[in-house]
Amino acid sequence: MDFGFLDQIWVARLPLLKGLGVSVSISLLSIAVGTVLGVFVGLALTYGYRPVQWLVRGYTDFIRGTPVLVLVLASYYVLSTVGIDLGPFQAGVLALAVFCSSHVGELVRGALQSIPKGQTEAAKAIGLTFPQTFAYVLGPQALRQALPAWVNTAAEMVKASTLLSIIGVGELLLRTQEVISRTFMSLEFYFFAGFLYFAINYGIERFGRYVERKTAVPS
């Protein structure tokens, strides 16, 4: 990077920082909401009544098979035709959270089904309710098994947030493109944006490692 590029970064620091803040906000919100929804999806797939399982299975298969861009456009344009008017930011978070929930649901389902059924039966035998069984017996074990794949899913949500520029969300990629249109420094600013996205994902990865250490079973 030459001094001209550094000067341009300084000139464009405010829009770039604003775009970075929007990207981080979208990523964290979609991951958090998608994870919470995904836990309920996983529980329904594993322990729900048969009609509920069929319904939730159809939801997960449909969402997982739909491109994220289509979900983004549907959340912004299609919902408005039925009277649900969402701003670009809200529509983007909704689309990414729904997509995240379908993947997290499958992770939770797989983790729960890998736990021996005897543990659930033992919890019932000592009088634990299902919420207590999940909180104290099933949940911690499922968390340890699903955590590595959850980190990958969270990283995918960060990368998918770049698609929201198509509906006018002023996230990092859109702000970077606006700066490039003024400076014509495509390679430099795209590389810089890539570094910032890497920093976000690296932070998520370190958070996952921290939780993994905290939830590890002592040897």
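Okay, so the sequence shown: first residue is 1 according to full-length UniProt numbering, each after it adds one. Every residue, glycine too, gets a C-beta built ideally from N, C-alpha and C. Given the structure is predicted, the values throughout are model-derived calculations rather than measurements.
Given residue i, which residues of its chain have a CB within under 8 Å of its CB, disregarding the five upstream and five downstream residues?
i: A216; result: R144
i: G48; result: V56
i: K18; result: G170, R175
i: L86; result: S75, Y76, L79, S80, L94
i: F130; result: Y47
State yes or no: is the C-beta of residue i within less than 8 Å of the C-beta of residue j?
i: R64; j: S27; result: no
i: L45; j: V56; result: yes
i: P15; j: R206; result: no
i: V179; j: V108; result: no
i: I31; j: C100; result: yes
i: Y197; j: V158; result: yes
i: L112; j: L128; result: no
i: L163; j: S23; result: no
i: T133; j: A125; result: no
i: I115; j: A135; result: no
i: A91; j: V33; result: no
i: V41; j: G105; result: yes
i: V68; j: A160; result: yes
i: P88; j: I167; result: yes
i: L20; j: V93; result: no
i: V151; j: G58; result: no
With a threshold of 6 Å on Cβ separation, who are the neighbours of residue i within its own chain once the five nearest residues in sequence on each side are excluded?
i: G4; result: none
i: A149; result: L107
i: A154; result: I31, I204
i: T183; result: Q8
Residues in its own chain within less than 7 Å of residue i by CB, not counting five upstream and five downstream?
i: V211; result: L147
i: Y202; result: none
i: A193; result: L172, L173, T176
i: S165; result: E171, L173, L174
i: D61; result: none
i: V52; result: A44
i: S181; result: none
Length-filtered (4 minimum) alpha helix (DSSP H) runs lying within the stretch 101-147: DSSP assignment within the stretch 101-147 yields the following whole alpha helix (DSSP H) runs of 4 residues or more, N-terminal first: 117-125, 130-133.
In chain order, each alpha helix (DSSP H) run of at least 4 residues that lies wholly inside the stretch 30-111: Runs of the alpha helix (DSSP H) inside the stretch 30-111: 50-64, 68-73.
contact_flag[the stretch 8-18, the stretch 75-93] where n(CB pairs < 8 Å) is 3 or more: No, because fewer than three Cβ pairs between the stretch 8-18 and the stretch 75-93 fall closer than 8 Å, the two stretches do not touch.
Segments of 4+ residues assigned as alpha helix (DSSP H) that fall wholly inside the stretch 141-213: You should have 172-183.
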